[in-house]
Amino acid sequence: MSVSVIIKWGGQEYSISTLSEEDTVLDLKQSIKSLTGVLPERQKLLGLKVKGKPAEDEVKLGSLKLKPNTKIMMMGSREESLVGPSSIHSGQTFTRSNVLYLACQRPRPHNTQSLCVFCFAKEDVLAPPPENDEVVNDFDIEEEVIEVENREENLAKIARRVKDYKVEEMNPPREGKRLLVLDVDYTLFDHKSCAETGQELMRPFLHEFLTSAFEDYDIVIWSATSMKWIDAKMKELGVTDNPNYKITFMLDSAAMITVHTPKRGVVEVKPLGVIWGKYSEFYSKRNTIMFDDIGRNFLMNPQNGLKIRPFMKAHLNREKDKELFKLSQYLKEIAKLEDFSFLNHKHWERYLSKKQSQ
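In the UniProt record's numbering, the protein residues as written are 1 to 358.
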């Protein structure tokens with residue numbers, strides 16, 4: 001029987017349908033190499049597991065019980081030999097087949113260095129991001145929120161999620177803590193750039209940020225993807241089992257609802273009312289804040305949303321991105337408050353600057 005999978009890598013999807021159940025994980029990696037140029041030993045396939053552990057190369061695909069067109073996320077970068085490592089140096093950029101490459105030094109044991117190369121779609125780096133449904137103007141949000149926040153059909157959808165959506169608690173809610181709800185893609189993690197590990201795409205100060213936040217907030221992860229991807233990303237980033245903080249639970253796209261807006265038509269949003277309905281004894285509008293890089297996700301709870309600057313092109317921006325470092329200070333300041341409802345998170349930097357100058 002044939003096996004068909006879709007590999008997600010570098011913001012692209014690659015379909016593979018030429019393998020059989022008798023083929024192995026290594027055969028799959030060889031097929032991936034022919035499509036992406038990433039060598040098998042450079043590939044890390046997220047979510048491909050046997051008994052909770054990453055599948056070894058010799059494992060037959062038939063034993064993995066993959067559904068047709070299963071999506072598998074790959075970490076890995078193209079080998080520097082593809083572009084001639086002897087002719088390039090750290091910091092140099094060059095293009096091949098409309099791909100921009102960035103060369104950099106990677107520390108190795110015993111104070112040695114090796115050259116690694118990261119790749120980006122050329123147009124993604126050299127051109128501004130296109131106007132699309134994910135880039136939402138805050139002014140438009142303010143105009144539309146009155147239209148959707150209290151509409152009966154939307155409140156009914158939230159009530160159904162409260163009733164039917166199953167939350168898998170990872171750690172129990174803590175009495176007296178505020179609630180911090182975090183998006184994943186472009187908020188904590190650059191999910192489109194190429195890299196060998198998730199650590200290379202992690203937003204700077206992530207673990208320090210979560211460690212500090214955990215002192216005052218229960219932490220919830222909410223991503224507009226499936227739980228399979230959320231779980232894989234959080235494990236890859238070292239978030240799930242970090243000894244310095246705990247995640248209370250994670251929500252996926254099934255906890256979201258669709259709402260109709262006058263300007264954009266039907267869009268998906270993340271209604272905090274789902275959490276408030278399930279955990280009314282712990283969380284409410286008064287003690288909840290949510291970070292997301294997409295403003296429309298706040299349409300049902302605009303007062304509680306903070307639109308974070310997206311973290312993109314990690315290998316170019318890692319050294320200068322200080323967003324989580326600054327937001328950590330903001331969270332610490334507002335944790336002193338009994339009620340968040342009077343705050344305007346759009347001006348969080350102004351609020352923080354004022355408090356720090358007192």
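Virtual Cβ for every residue (Gly too), placed ideally from N, Cα, C.
Check	Outcome
Outcome for Glu-236 when other beta-carbon atoms lying within 10 angstroms are tallied against a minimum of 16	buried
Coarse secondary structure for His-260, derived from DSSP in three states	strand
Contact set for Glu-168: own chain, Cβ-Cβ below 7 Å, skip 5 residues either direction	Phe-249
Range of the contiguous beta strand (DSSP E) that encloses Met-290	288-292
Pick from Val-50, Gly-52, Arg-178, Glu-41 that is closest to Ser-280, judged by C-alpha positions	Arg-178
Cβ contact (3+ pairs, closer than 8 Å) linking the stretch 208-215 and the stretch 328-344	yes
Burial state of Asp-190, where buried means 16 or more other Cβ atoms lie within 10 Å	buried
Cut-off 6 Å between Cβ atoms - residues of its own chain near Phe-205, not counting five sequence neighbours on either side	Leu-324, Phe-325
Nearest to Glu-149 (by Cα), restricted to the options Pro-262, Glu-22, Leu-327	Pro-262
Test item: CB-CB of Arg-296 and Val-266 under 8 Å	no
Contact set for Asp-252: own chain, Cβ-Cβ below 7 Å, skip 5 residues either direction	Ser-223, Thr-225, Ser-226, Met-227, Ile-230
Helix, strand or coil at Lys-326 [DSSP, three-state]	helix
With 16 other Cβ atoms within 10 Å as the buried cut-off, status of Ser-353	exposed
First and last residue of the uninterrupted alpha helix (DSSP H) at Tyr-351	348-356
From Lys-270, Gly-62, Arg-286, Phe-298, residue whose alpha carbon lies closest to that of Val-25	Gly-62
For Gly-11 and Val-59, the rounded distance between their alpha carbons	27 Å
Opening and closing residue of the beta strand (DSSP E) in which Glu-153 lies	Premise fails: Glu-153 lies in the alpha helix (DSSP H), 152-164, not in any beta strand (DSSP E).
DSSP beta-bridge partners of Asp-185	Phe-189
Limits of the alpha helix (DSSP H) - the one that Thr-211 falls within	206-214
Option in Pro-68, Val-38, Gln-303, Leu-188 with minimal Cα separation from Ile-6	Pro-68
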